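Numbering (the numbering used here), first residue to last: 12 to 121.
Right, dumping it as structure tokens:
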């Protein structure tokens, strides 16, 4: 369920159709991929964060899911992927990072 603000200001809860507009501009026009990318890059720059773009946000989301223990299947479904190859990489990366943290903690204890 996605909350959609209608132009009248009321909130309507309903299923979002696949081909419906999700992002709209300040002028209530649909935003295309280029407009969305530009907006994300600009917000990143204003926040002082370099190299921010929609794909990086998607990657960060998937990585965080893996770090929090989501399965390959869960990641794959949330990202809308039909193959688990990328989800496998996210889970593997999370496991490697977890192992590095464990080693660092062992060293600190000595």
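Glycine included, C-beta positions come from ideal geometry on N, C-alpha and C.
All of these numbers come straight from a predicted model, not from anything done at the bench.
Across the structure, residue 107 and residue 90 are spaced so that their CA atoms are roughly 21 Å apart.
Out of 119, 99, 35 and 48, the CA that lies nearest to the CA of residue 80 is found in 99.
For residue 34, there is no enclosing alpha helix (DSSP H), as DSSP marks it with neither H nor E. Scanning its chain for C-beta atoms nearer than 6 Å, with the 5 sequence neighbours on each side dropped, one finds around residue 102 the residues 77 and 83, in chain order. Using a Cβ distance threshold of 7 Å, residue 105 and residue 86 do not count as a contacting pair. As the crow flies, the alpha-carbon of residue 63 is around 5 Å from that of residue 52. Residue 34 is a Cβ neighbour of residue 47, given a cutoff of 7 Å. Rounded to whole angstroms, the gap between the alpha carbons of residue 69 and residue 42 is 18 Å. Beta-bridge annotation (DSSP): residue 65 is not paired with any residue.
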